[in-house]
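In what follows, a single structure is set out as structure tokens and then discussed.
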Ligand SMILES: [Zn+2]
Ligand SMILES: [Zn+2]
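In this note's numbering, the protein residues as written are 1 to 821.
Right, here's the structure in full:
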């Protein structure tokens, strides 16, 4: 059954589409299984190898779920607004609408060539009016419920993209898109009150089946800390200020106070002598991004203000400094410094020769060569001396509370989400500014506020829409006086924060989503995408979903029950693929040369899905060879396959051995695909192929069990069909089957054949018996080795070691020779 991949892939793609094989109707769906892979940006790169890995391999997983009886809903669309699409358009001098449509169309043909089983009837594009009308509606729901506001604040400004960015979009001090330097600017911007949801966003993480690291990152980003807010006075001024601390028990050890340089109170109390130095330092801080200030481990910098603060617990005078490691937008913008018990304060005190006063001791140690951050007994703390520091935490706060100088407080690291952008290619923010009435929501019947096309769209430092008079000038919906539209657009992360709600409702022109449908189809049962979204999209989507739930539009709290991150396909040199390094490979050429099935099979077999790894051309060639070998085997047995043969239950030892391998392989594939272990799944199918081939060669043809061979070959086509869907359809048709192989039920494992003729076998590590196990008699080397690896004991011995030799004495023992990895 040799095949021409061009012909058969085209043939089956056409057939699937004509037969609407993968179409679903959500209205008729019971017990849905919603699978979603994060949708792509239609930028100039189109679908690259990483996309093929993400989408192609996930299609295999989804096909497998469908064959296992799941009612799969598997939609796809384009995250079409935003910088990637717009930057591409600017670079090529085309209008973003034109280039986005072109790129999306091309990517759609790539998806079809991939042979993916998406529910294309439910495709969406966030830059189309029928979608962004509802993005605007989502924004207005937040605005009307006091969860969206505009205010002047220091924000991250990308010098190259010429727009503000959310904190989450600044990575190590540079723009996550273009890697340009980020400056702090004071600008009037729109924010969403994600901080109102900090507590449930944190608490609900416990309910999610997500990768541990992603949960930890989100937890850290939300950053809850429990402590006390304490009020200090500035000496000789009528100025109070508050500090937040998680260690009120160390208050007696406070030897200085540090303000964020941009804190407005600094200029009220700075001494004349220190003023110039302070002003210079403030200027310098403006050029440093917030993230840089938080993460950089460089030498501490700071300036003395010439003023002193009064510690409320003992009336001691301590100097007030400013330093950029304190952020104005976090906590109160000022911190009490306790160098003896905080590492950062300790470094700062050492650098500027400030006093260090120890107030907690463990045992009798009293000399400090580094900060002691643990708990212990109090010293130098007045009436609290020799009490336990853990008790004093509460007592000091209570003491201060009585004098109205402090209280317990919970603080979050999470800041409100900045969603306005000074860019053209985005959904216009549906707000009208009236001198008399302030910001007014555009009435819903006027949605969508259409993004005008005839606009100079290049970024100029302010919103391009500002220059478009016909767009800007409107009447105030309330008082009817002349007013101006909001000129900023919504960040593209706003579009993607609710798209999973829209998918089952695509085509609904009356509502963003209908409650009945949404309640039935949500949450997404399996969500797949890159780990880089941990503190951006995955956080925003959870927030928007929670708001929609609280407003009564949906009933589920979390949008994505279960999450998996795919790994990254690297260049053959092991480096991240990039055009500049010349190590990137484009999928289109491989599809042309080998076909989309073989490419997909290699992406399944050549990598651990979660980890990814370097590309290897020889890997794809060996996949093509494997497919050819299976095709030959099928061809040689074509007559058998087209006969109707009944299985009996009377097998000789060769047949039992074959049945053992078949069931062992099937069991392996069944378990491993479900766990995203596509590589080991294919290895099991190869084992099966080898066993069948051996049987056919070693047993004389007149003794072949035809019904058994036919049974196994047929099921092999079914098992391979999620991995190489077009080829398997062709094979399936060639053996006389009428319906699609993807409609077949996944074969069931017959445990009976896994137990037969088992023998006891010793597993040795470096010559010592460490484990006993049962294996089928005459098991191959691979089967025995795999079985040994299932043992926890053996896994323990293998940790950190490499197997340099496997000695298998059939029916007796397996000896593994190890050395340190
Ligand atoms: Zn940028
Ligand atoms: Zn008005």
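Cβ atoms here follow ideal geometry from the backbone N, Cα and C, with glycine treated the same way.
Treat the numbers as computed from the prediction; the structure is a model and nothing was measured.
Selected residue, minimal CA-CA separation from residue i, among the options
{"i": "residue 412", "options": "224, 152, 796, 789", "result": "224"}
{"i": "residue 552", "options": "321, 516, 568, 563", "result": "516"}
{"i": "residue 338", "options": "46, 358, 764", "result": "358"}
{"i": "residue 306", "options": "268, 324, 340", "result": "268"}
{"i": "residue 708", "options": "395, 663, 236", "result": "663"}
{"i": "residue 38", "options": "503, 795, 740, 476", "result": "503"}
{"i": "residue 473", "options": "463, 486, 461", "result": "486"}
{"i": "residue 304", "options": "163, 274, 279", "result": "274"}
{"i": "residue 524", "options": "101, 81, 210", "result": "210"}
{"i": "residue 334", "options": "324, 505, 312, 341", "result": "324"}
{"i": "residue 248", "options": "188, 398, 213", "result": "398"}
{"i": "residue 416", "options": "148, 138, 696", "result": "148"}
{"i": "residue 201", "options": "560, 156, 237", "result": "560"}
{"i": "residue 506", "options": "119, 317, 104", "result": "119"}
{"i": "residue 494", "options": "141, 232, 371", "result": "141"}
{"i": "residue 566", "options": "592, 591, 527", "result": "527"}
{"i": "residue 692", "options": "715, 426, 676, 129", "result": "715"}
{"i": "residue 803", "options": "550, 797, 817", "result": "817"}
{"i": "residue 4", "options": "667, 631, 309", "result": "631"}
{"i": "residue 671", "options": "481, 12, 747, 471", "result": "747"}
{"i": "residue 694", "options": "710, 654, 728, 730", "result": "654"}
{"i": "residue 427", "options": "470, 456, 648, 488", "result": "488"}
{"i": "residue 687", "options": "12, 328, 469, 785", "result": "785"}
Pair within 7 Å by beta-carbon distance, residue i and residue j
{"i": "residue 117", "j": "residue 55", "result": "no"}
{"i": "residue 62", "j": "residue 74", "result": "yes"}
{"i": "residue 726", "j": "residue 628", "result": "no"}
{"i": "residue 497", "j": "residue 432", "result": "no"}
{"i": "residue 823", "j": "residue 440", "result": "Since the first and last residues shown for the chain are 1 and 821, residue 823 lies out of range."}
{"i": "residue 615", "j": "residue 661", "result": "no"}
{"i": "residue 420", "j": "residue 190", "result": "yes"}
{"i": "residue 390", "j": "residue 375", "result": "yes"}
{"i": "residue 112", "j": "residue 184", "result": "no"}
{"i": "residue 778", "j": "residue 697", "result": "no"}
{"i": "residue 321", "j": "residue 258", "result": "yes"}
Terminal residues of the alpha helix (DSSP H) in which residue i lies
{"i": "residue 597", "result": "596-605"}
{"i": "residue 639", "result": "638-642"}
{"i": "residue 471", "result": "469-472"}
{"i": "residue 156", "result": "Note, residue 156: premise wrong, no alpha helix (DSSP H); beta strand (DSSP E) at 148-158."}
{"i": "residue 276", "result": "275-286"}
{"i": "residue 653", "result": "653-674"}
{"i": "residue 266", "result": "266-269"}
{"i": "residue 495", "result": "492-496"}
{"i": "residue 571", "result": "Looking at the DSSP string, residue 571 is not in any alpha helix (DSSP H), and its letter there is neither H nor E."}
{"i": "residue 198", "result": "198-203"}
{"i": "residue 222", "result": "212-222"}
{"i": "residue 446", "result": "From DSSP, residue 446 is part of no alpha helix (DSSP H); its letter is neither H nor E."}
{"i": "residue 499", "result": "499-502"}
{"i": "residue 90", "result": "83-92"}
Residue i - containing beta strand (DSSP E), residue span
{"i": "residue 192", "result": "182-192"}
{"i": "residue 12", "result": "Segment 5-18 is the alpha helix (DSSP H) holding residue 12; no beta strand (DSSP E) there."}
{"i": "residue 240", "result": "240-245"}
{"i": "residue 774", "result": "768-776"}
{"i": "residue 815", "result": "813-820"}
{"i": "residue 801", "result": "801-809"}
{"i": "residue 319", "result": "317-322"}
Alpha helix (DSSP H) runs contained entirely in the region 329-397, provided each spans 4 or more residues: 343-352
contact_flag[the region 636-652, the region 571-578] where n(CB pairs < 8 Å) is 3 or more: no
Sufficient close CB pairs (3 or more, under 8 Å) joining the region 242-262 to the region 376-390: yes
Contiguous beta strand (DSSP E) assignments of at least 3 residues, all confined to the region 515-559: 526-528
Segment contact, 8 Å Cβ cut-off, at least three pairs: the region 38-48 with the region 81-90: yes
Segment contact, 8 Å Cβ cut-off, at least three pairs: the region 446-453 with the region 117-134: yes
Inter-stretch contact at 8 Å, needing at least 3 Cβ pairs: the region 718-725 / the region 598-608: yes
4 or more residues per run - each alpha helix (DSSP H) lying fully within the region 678-728: 678-698, 706-720
Stretch pair the region 145-159 + the region 172-188: three plus CB contacts closer than 8 Å: yes
Three or more C-beta pairs below 8 Å linking the region 772-787 and the region 91-101: no
Unbroken stretches of the beta strand (DSSP E), 3 residues or longer, contained in the region 394-428: 406-412
The region 312-327 contacting the region 208-222, beta-carbon criterion three pairs below 8 Å: no
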